[in-house]
Structures are given as structure tokens and as C-alpha cells.
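Novice:
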Amino acid sequence: MNIVIIGTGYVGLVSGVCYAEMGHNVVCVDHDANKIDSLNLGESTIFEPGLNEMMSRNVRSGRLSFSTKTIESVRNAEIVFIAVGTPPLPSGQANLNYVFKAAENIGESLSKYTIVAVKSTVPVGSNDVVEQIISSKFSGDFCVVSLPEFLREGSAIEDTFHPDRIIIGIDNNDERTKEQLKNFYAPLNVPMVFTDRKSSEMIKYASNAFLATKISFINEIANICEKLGANVEEVAYGMGLDNRIGMSFLKAGIGYGGSCFPKDTEALIQIAGNVEHEFKLLRSVVEVNQYQRMKILTKLKNSLGSLEGKEIGIWGLSFKPGTDDIRETPAIEIIDRILDHGGLVKVYDPIAMDNFKKVMDRPNIKWCSSSLRASENCDALCVITEWPEFKYIDLMKLKSIMRRPIIIDGRNIYSDHEIKEAGFDYFPVGKKASRTSGDIFHIQGGEI
Ligand code: UDX
Numbered sequence: 006m007n008i009v010i011i012g013t014g015y016v017g018l019v020s021g022v023c024y025a026e027m028g029h030n031v032v033c034v035d036h037d038a039n040k041i042d043s044l045n046l047g048e049s050t051i052f053e054p055g056l057n058e059m060m061s062r063n064v065r066s067g068r069l070s071f072s073t074k075t076i077e078s079v080r081n082a083e084i085v086f087i088a089v090g091t092p093p094l095p096s097g098q099a100n101l102n103y104v105f106k107a108a109e110n111i112g113e114s115l116s117k118y119t120i121v122a123v124k125s126t127v128p129v130g131s132n133d134v135v136e137q138i139i140s141s142k143f144s145g146d147f148c149v150v151s152l153p154e155f156l157r158e159g160s161a162i163e164d165t166f167h168p169d170r171i172i173i174g175i176d177n178n179d180e181r182t183k184e185q186l187k188n189f190y191a192p193l194n195v196p197m198v199f200t201d202r203k204s205s206e207m208i209k210y211a212s213n214a215f216l217a218t219k220i221s222f223i224n225e226i227a228n229i230c231e232k233l234g235a236n237v238e239e240v241a242y243g244m245g246l247d248n249r250i251g252m253s254f255l256k257a258g259i260g261y262g263g264s265c266f267p268k269d270t271e272a273l274i275q276i277a278g279n280v281e282h283e284f285k286l287l288r289s290v291v292e293v294n295q296y297q298r299m300k301i302l303t304k305l306k307n308s309l310g311s312l313e314g315k316e317i318g319i320w321g322l323s324f325k326p327g328t329d330d331i332r333e334t335p336a337i338e339i340i341d342r343i344l345d346h347g348g349l350v351k352v353y354d355p356i357a358m359d360n361f362k363k364v365m366d367r368p369n370i371k372w373c374s375s376s377l378r379a380s381e382n383c384d385a386l387c388v389i390t391e392w393p394e395f396k397y398i399d400l401m402k403l404k405s406i407m408r409r410p411i412i413i414d415g416r417n418i419y420s421d422h423e424i425k426e427a428g429f430d431y432f433p434v435g436k437k438a439s440r441t442s443g444d445i446f447h448i449q450g451g452e453i
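With the working numbering, letter number 389 in the sequence shown gets 394, and the count goes up by one each step, no holes.
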């Protein structure tokens, strides 16, 4: 099929490359000429394992190209995907300007029956507006479909080819569109759920909000475990074996970040508010997430006293491993607070340093070239992102170069055994802290 994808962010670019890999002719369109130039040179604008090679292969085969020209590209398409950003407005509401602009451009370009599939996460009912915008420009036959995307950064290609399900929201029981989309996704051999457009839009928000809820729930359990001397990992394992609960998204840590969960939870609170429903549970999920980030600071302060003049190592800046994405990463707020309290930070991340430098321009930050460099002479070390190289570090060596052997582990990457053997004061999440002078149950003291 001839496919056009509008928007070359995470979702748009990965989908475009994967659809070309499936054998379709794909044009990825973006108004950002610099981005399109880079992509045409074969340079991916995002870091995603395996993407560059797959992209180059499909460009070489002639199935994949990049353009700034919507009208020419859309004219021959059978399916046009809208995959532009819906960033949060200061109110938390999703900004739909890019989606509506894309709809306008599509309306001006259509010449024959075309499916317009909206992958951007949009508030319930927005696709009705997309339809209105297109029909105000094009009087022929077309169908607007809600096709939410569930891929995760870092495993985006795998998620595109092997999703748990494909949700397709179509109104008016449009059989022609249904058949065409069935054929398009048939090679993936995964469950397809056909529903109405509004339910489909809600499925996306509800899924992300539910996963965020799971994370905040286990983080709260972790906080209680810390005080009682229980172990949240054991608890999560015991809970997760219950099929109704499941193992995934029960990893306690310093809270969720990234481009989706923070934005989509806030947006769903707004969506509910717009119909005069206060989504109390989700408000608490967001609040718990905010608090969880600050726990690192509390632990630092309780182990070091004042942070004034103290050198703190920061391992990891991206919101999760496997990506250089720093959107809504807890690292921003944690580093800001350490600096506000007079601390000095030494930071290291395997791939997210350049992106982080763009948003964090403060004195007293030392950008380091390795994890060991970022720990040299430090009074404490904070693990923010669970990159594998941190887990496999030589702990004896690490201890020998730090001023004080203190690790505040926001991601529980070490076992009690290895920490004890190396002799660190260790503060994990939801598990007993341990000091070289003997175990302690929990840290006393207030918040900072
Ligand atoms: C998420 C959704 O998973 C995906 O379906 C949607 O399309 C976009 O948003 P992503 O943001 O790429 O994907 O990352 P994900 O792997 O879901 O992790 C999100 C955040 O939750 C990360 O900050 C991660 O560290 C945190 N997390 C995840 C936990 O703290 N504990 C967990 O058990 C799982």
C-alpha cells in the first residue's frame, strides 16, 4: 500500500520505518526541514535500538522516503497516519494544534477515498473534530480512524511488530475501512479490536493511566515496606504471580517519567474535569509520583546531613534505560534540588548527556565521561536510571574512589549480598537500608 505518516517523532518515525519493512511504500512527512534533511542523509533523529539499520535498508530499497511536502505525498496515499505531538499545555490539557493543522493539510490534499488514521494521543472526541476539519476542505469519501499507539521507547521496533493488540476505533461501521486495515495489519498476526472512535481514544488514556497507577501503587507499598523492614521486590513477586495482577509494572523506583505517562495522566484528569468528574484516584497517582522523586533527596540529606559543598555522583539522566529521551525525567528535578541545597553534582549517562545539557544549564555540574569519573571523590552516589553498565560495575573499585561509600539507589540495581561484601552504606527503594555498621530499618527525618 502507499502510506503517508505525518510527524517524524518517536511514533511516526518508528511506524514509518516498520511499515516500509513490512513491504509498503512509505513517505514520512514533517514540517521541520532540518529533520527531513537528516533523515534523508540516513541519520535517525531519535535513538532507538535497530532503527538506523532498518531505516537505511528501506531507504536504499526505495520503499521509504522523507519529505516536507504534505500535499504531494498525501495525494497517492491509501492510508495517512497522523503521528504528531500533543504536548501538554500549562493547564495539563493536550495541545491539539499540530493534529488539527495536519488534518487541515490532509483535507487540502485528498483527491480520492483515503483512510486517515490518528495515532497521536488525543482527548476523547477529538477525532470528530479531525473529521470535521477534513470534510470542510474535501467533499469526497474518506474515513477517520482512531488507532492509538502503545509502543515503548527502547523497544519500539519489537513493540510495533509484536504488539499485544491493535485498537481500531471506527464510527458508522465502515466495512471498507475495516477490511483495508485488517489486511494492512494481518501480517502481524495479533488480536485486532474494532470499537467506536471515542472508546478507542479512551483506551489509550485509560491504559497509560492504569500503568501509571500500578507504578505509584507499588511505590507507595515500597515506602511502607521501607518503614516496616519488608522487601518490596518480594512483595511485588508474590503479588504478580496472581494472574489477575501480573508481574509487569510493579517495579518500585523513583517514579515514572517520559513523554507519555506524565502527560497522559494530567490530560485524563483534565478530560474527566471537563465533564465534571473529579478523577481523585489519578490525582493521587500523580501526587505520589512527584513525591517519589523527592525521596532520593530525603535519603541523601539523612545520610549526609547538609548538602552544602558535598559532591554527589548522578548515574543516569534519561527517564529509563535504552533511550536518550530526557522528557520528564526525574533527574532534572533531583539535580535541581541538590544544587539548590548547595551540593555539587557529577553526572554521567551513556547516551543522554547531550540532550540533558540542553535543558540543564547551571553551574556546579561536572559532566563526566564515565560512571567511575562521576563517582570520584563523591560523598554519595545516586542511581537514577538502571543502565546495565551501572549494575555490572566493579563495586570494590567504586568504593576505593569515592570519598564516602554511600549509594542511594533509586532503581534497586544491586543485591544486598554484593553491597554488603563491598561495604557500602546502601539506601534502596522499598527494602531495608544497610550500613556498614549494621542494618537499619528506615531513615528518620523530614523531607527537604
Ligand atoms: C509508555 C507506555 O508503556 C507505552 O505503551 C506508551 O505508548 C508510551 O508510554 P514509555 O514511556 O516508552 O512507554 O516507557 P515505559 O517502559 O512504559 O516506562 C515509563 C516509565 O515508568 C519509566 O520512567 C519507567 O522507569 C517507569 N516504570 C516502568 C517504573 O518505574 N516501574 C515499572 O515497573 C515500569
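Note that CB positions come from ideal geometry on N, CA and C, so glycine has one too.
On the DSSP bridge assignment, give the partners of PRO267 in chain order.
Specialist: In DSSP, PRO267 forms no bridge with anything.
Novice: With GLY263 and GLU158 assumed to form a contact (beta carbons below 8 angstroms), what rounded beta-carbon distance in angstroms separates them?
Specialist: 7 angstroms
Novice: From the DSSP output, read off the bridge partner residues of LYS371.
Specialist: DSSP output for LYS371 lists LYS351 as bridge partner(s).
Novice: For ILE120 and VAL79, which I take to be in contact (beta-carbon distance under 8 angstroms), what is that distance rounded to the nearest angstrom?
Specialist: That pair is no contact at about 12 angstroms.
Novice: Just curious, the beta strand (DSSP E) that MET197 is in, first and last residue?
Specialist: 197-200
Novice: If we count the other Cβ atoms within 10 Å of its Cβ and call it buried at 16 or more, is ILE331 buried or exposed?
Specialist: buried
Novice: I'd like to confirm something about PHE324: is its beta-carbon nearer than 7 angstroms to some heavy atom of the ligand UDX, or not?
Specialist: yes
Novice: Distance, Cα to Cα, LYS40 vs THR50?
Specialist: 7 angstroms
Novice: Between LEU3 and the ligand UDX, is there a pair consisting of the residue's CB and a ligand heavy atom that are separated by less than 7 angstroms?
Specialist: A question about residue 3 goes unanswered here, because the residues of the chain that appear run from 6 up to 453.
Novice: Going along the chain, which residues of its own chain have a beta-carbon closer than 8 angstroms to the beta-carbon of GLY428, five neighbours each way excluded?
Specialist: For GLY428, where only same-chain residues beyond five positions count, the Cβ hits under 8 angstroms are LYS404, PRO410 and THR441.
Novice: What's the call for LYS436, buried or exposed, on a 16-neighbour Cβ count within 10 Å?
Specialist: Buried, since its Cβ has 16 or more Cβ neighbours within 10 Å.
Novice: Express the C-alpha separation of SER439 and ILE413 in angstroms, rounding to a whole number.
Specialist: 11 angstroms
Novice: Using a Cβ-Cβ cutoff of less than 6 angstroms, which residues in the same chain neighbour VAL291 once the five nearest sequence positions on both sides are dropped?
Specialist: THR270
Novice: Only counting the same chain, and skipping five residues up and downstream in sequence, which positions put a Cβ closer than 7 angstroms to that of ILE424?
Specialist: TYR431 and SER439
Novice: Unbroken beta strand (DSSP E) runs of length 3 or more, entirely within the segment 404-437: which are they?
Specialist: 411-414 and 430-432
Novice: Which residues in the same chain have their Cβ closer than 7 angstroms to the Cβ of VAL127, if we skip the five residues on either side of it in sequence?
Specialist: THR91, ALA99, LEU101, VAL104 and GLU206
Novice: Using DSSP bridges, identify the partner residues of ILE120.
Specialist: ILE84 and CYS148
Novice: Spell out the partners DSSP gives PHE71 in its beta bridges.
Specialist: CYS33
Novice: Does LEU101 come out as helix, strand or coil in the three-state DSSP assignment?
Specialist: coil
Novice: Is the segment 362-369 touching the segment 339-354, taking contact as three or more C-beta pairs under 8 angstroms?
Specialist: yes
Novice: According to DSSP, is ASP444 helix, strand or coil?
Specialist: Residue placement at ASP444 is flagged as unreliable, the pLDDT there being 46, under the threshold of 50; a coordinate-derived value is accordingly withheld.
Novice: Quick one: residues in its chain with C-beta nearer than 8 angstroms to the C-beta of SER375, no 5 flanking neighbours on either side, listed in chain order?
Specialist: TYR353
Novice: Does SER308 come out as helix, strand or coil in the three-state DSSP assignment?
Specialist: DSSP places SER308 in helix when its eight states are reduced to three.
Novice: Leaving aside the five residues before and after GLY245 along the sequence, list all residues of the same chain whose C-beta is less than 7 angstroms from its C-beta, in chain order.
Specialist: GLY251, MET252 and LEU255
Novice: Given the structure, does SER125 come close to the ligand UDX, in the sense that its CB is under 7 angstroms from one of the ligand's heavy atoms?
Specialist: No, the Cβ of SER125 stays beyond 7 angstroms of every heavy atom of the ligand UDX.
Novice: Regarding ASN7 and the ligand UDX, is the C-beta to nearest heavy atom distance less than 7 angstroms?
Specialist: no
Novice: Is the beta carbon of GLU26 sitting closer than 8 angstroms to the one on ASN63?
Specialist: yes
Novice: Specify whether the segment 208-215 and the segment 180-194 touch according to this definition: at least 3 beta carbon pairs, one from each stretch, less than 8 angstroms apart.
Specialist: no
Novice: What residue range does the beta strand (DSSP E) around ASN7 cover?
Specialist: ASN7 -> beta strand (DSSP E) spans 7-11.
Novice: Hey, would you say VAL85 sits closer than 8 angstroms to ILE111, going by beta carbons?
Specialist: yes
Novice: Pull up the distance between the alpha-carbon of TYR152 and that of CYS33, whole angstroms please.
Specialist: As written in the sequence, residue 152 is Leu, which differs from the Tyr given in the question. Here the alpha carbon of LEU152 sits roughly 17 angstroms from the alpha carbon of CYS33.
Novice: From GLY47 to MET59, what does the alpha carbon distance come to, in whole angstroms?
Specialist: 10 angstroms
Novice: One question on the structure: do LEU312 and LYS306 come within less than 8 angstroms of each other, judged by their Cβ atoms?
Specialist: yes
Novice: Figure out for me which residue from ASP384, THR13, LEU309 and TYR419 has the closest Cα to the Cα of PHE395.
Specialist: TYR419
Novice: Any heavy atom of the ligand UDX closer than 7 angstroms to the CB of SER72?
Specialist: Answer for SER72: no, Cβ out of range of the ligand UDX.
Novice: What are the start and end residues of the alpha helix (DSSP H) that includes GLY243?
Specialist: Element bounds for GLY243: 237-245.
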